[in-house]
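Enquirer:
So, in structure tokens, the structure goes:
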């Protein structure tokens, strides 16, 4: 069916990415070929898989071909894979489907855009555009397998493209680059030189499982024979995950990661896995060096590539890795699965569950090794993926053993050494004699928590407190987990009992005596603040501050309530507890004022100001700033 040639504007996000590519100062421009070869390999994978159920499709002699024309200064990359229809070309080349792209790009200023290396472009799933680093114009001709029509696409990287009909005798895609002049000084090599192309393929795409062919001249069998033009396969085609670990170099692993993950940076860790026994499978997993911009998006593409005996099955097999390890990239080659496996079958397949369990075990063990042996690497990992990993402490499918292993990996700021993060194991190793709980406090930042009056009693008595600042911490700590039989206990909830049994008994008796002494004053404050406060009592945790707010033993924390509200839920309003410092000089003076005249108007004002003070110390915010200001003004008026 003939359709007219049309001119289309690129999607706004694509225009921005194109501009970054066209004006890129990135020195390693060779990576464009890796991206185009990777796209071609994906197309061959898809045809190979589709042919399993559509036997009429031709999946013979699947390969990638490079053709260079020095006179015309063009380089073509062709495959005989699945191909694309006209609509698919528009969708795959003219738009970006990844959520959050526009917001991410708009957040960059001009300086950041100019300085941004192309590895960031790989996050958007459009490595195709990297070809504009070396080409002034790109043409693409594609024909979908099983379809009679072909499509021609062309762009000069100027914000628009044309699309129309084309002729192509079989399925597949050819991308032709009209190359810029060679400029070795700026990393722009002559990509019509077959030696250059062979070098780039060997370096970046040697492991691609399909032959990458190029016609090259070779000498005849005899010195007198003329040169012969023949196909040469440029890559070894060895599946890197099948090879013994000792035979694979670090650069090969890194290039395999870039091919699999479409990420142009180096991975933080490479994890080869061999599963033997009741089933056989190989895997090659990677922990990325940086978090993708859409790590917390519901639309993030996650899952591992699944092969069966080196035959591609699917690109995003979510069943092989739980959501809290969604940042893991890699390939799994299962030798005992059916090629016709569906997602519904995968969810119930026993072999998949066995493989998944082994992969999780290997990833967590690798992270534990890094935490122990490479603390700087682990800190980098934690900064990028720590909050995601902690989601596993909430997951229903995580078994207790997995949760214990996850708890082993948790690190947090601590009052022990403000400059370092501590693990739960570190904490337990430093616990005081007789201490039966791991104490923690949550808040928006380390500095904010460090200023909390709730820490005073613990610091004074030499008890270490872990400081958790990620929003996810409120959720998993709400479940009050245990670590090595020690309960993780919030110091902002319930009543605090520190020291030995004898110390606790003496402290309780002293507090009870004070409670009796100030009983009537506390009752008065309780009445004055009954709409905002559940209870007013004396504190065993304060040493220098006059007041603080705490939650009841089984109540949600204020931060947790706020999080639920932000998620659109309506948790019941829970009133906090106001604690007064029995050793502070203010309390006996307030008591004397109360004893002299229970109707003194200043007492009600003091109650409001003490509550406001407690709110400021707790969150830095007042529920009703105007009311606090009025109370303060009225009290000042009484003092004049």
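Residue numbers (this note's numbering): 529 to 1168.
Idealized CB from N, CA, C, for every residue including glycine.
Cβ atoms of residue 847 and residue 874: under 7 Å apart, would you say?
Expert: yes
Enquirer: Once DSSP output is grouped into helix, strand and coil, what is the label at residue 785?
Expert: helix
Enquirer: Counting Cβ pairs closer than 8 Å, one from the stretch 736 to 748 and one from the stretch 563 to 577, do we hit at least three?
Expert: Output reads yes: the stretch 563 to 577 touches the stretch 736 to 748.
Enquirer: Grab me the residues of residue 647's own chain with a C-beta within less than 8 Å of its C-beta, minus the 5 sequence neighbours each way, in chain order.
Expert: In this prediction, residue 647 has a pLDDT of 47, which is less than 50 and means its spatial position is unreliable; nothing more can be read from the coordinates.
Enquirer: How is residue 766 classed by DSSP in three states: helix, strand or coil?
Expert: coil
Enquirer: Can the beta-carbon of residue 768 be found closer than 7 Å to that of residue 894?
Expert: Residue 768 is not a Cβ neighbour of residue 894, given a cutoff of 7 Å.
Enquirer: With a Cβ-Cβ cutoff of 7 Å, do residue 981 and residue 1057 count as a contact?
Expert: no
Enquirer: Under 7 Å Cβ to Cβ from residue 1152, same chain only, skipping five residues before and after it: list those, please.
Expert: Cβ within range, chain order: n/a, list empty.
Enquirer: Out of 546, 1031 and 914, state which residue places its alpha-carbon closest to the alpha-carbon of residue 963.
Expert: 1031
Enquirer: Quick check on DSSP: helix, strand or coil for residue 816?
Expert: Residue 816: strand per DSSP, three-state reduction.
Enquirer: Which same chain residues end up closer than 7 Å to residue 602 when comparing Cβ atoms and leaving out the 5 residues on each side of it in sequence?
Expert: 704, 705, 706 and 707
Enquirer: Hey, is the stretch 1066 to 1086 in contact with the stretch 1103 to 1116, meaning 3+ C-beta pairs nearer than 8 Å?
Expert: With a cut-off of 8 Å on Cβ pairs, the stretch 1066 to 1086 is in contact with the stretch 1103 to 1116, counting three or more such pairs.
Enquirer: Of all the options 1140, 1147 and 1146, which has the alpha carbon lying nearest to the alpha carbon of residue 1160?
Expert: When only C-alpha atoms are compared, the closest one is 1140.
Enquirer: Cα separation between residue 720 and residue 839?
Expert: 33 Å
Enquirer: Using a Cβ-Cβ cut-off of 8 Å (strictly less than) and excluding sequence neighbours within five positions of residue 755, which residues of its own chain qualify?
Expert: 745, 746, 747 and 748
Enquirer: Would a C-beta distance cut-off of 7 Å place residue 670 and residue 612 closer than the cut-off?
Expert: yes
Enquirer: Among residues of its own chain, excluding the 5 on either side of residue 999, which ones have a beta-carbon nearer than 7 Å to its beta-carbon?
Expert: 1091
Enquirer: What residues are listed by DSSP as bridge partners for residue 745?
Expert: 757
Enquirer: On the three-pair Cβ rule with 8 Å, is the stretch 1000 to 1015 touching the stretch 908 to 921?
Expert: yes
Enquirer: Taking just the CA atoms, how far does residue 718 sit from residue 751?
Expert: 29 Å
Enquirer: Using the Cα positions of residue 639 and residue 544, report the straight-line distance between them to the nearest angstrom.
Expert: Because residue 639 carries a pLDDT of 49, less than 50, the predicted location of this residue cannot be relied on, and the following value inherits that uncertainty. In a straight line, the C-alpha of residue 639 is about 14 Å away from that of residue 544.
Enquirer: As a quick exercise: from 565, 577 and 578, pick the residue whose alpha carbon is nearest that of residue 591.
Expert: 565
Enquirer: Are the beta-carbon atoms of residue 1133 and residue 1162 separated by less than 7 Å?
Expert: yes
Enquirer: With residue 1148 and residue 1079 assumed to form a contact (beta carbons below 8 Å), what rounded beta-carbon distance in angstroms separates them?
Expert: Actually they are not in contact, since the Cβ atoms of residue 1148 and residue 1079 sit about 17 Å apart, beyond 8 Å.
Enquirer: DSSP three-state call for residue 849: helix, strand or coil?
Expert: It is coil, neither helix nor strand.
Enquirer: At the level of alpha carbons, what is the spacing between residue 1154 and residue 1135?
Expert: 15 Å
Enquirer: Identify which residue in 1047, 1086 and 969 has its Cα closest to the Cα of residue 1116.
Expert: 1047
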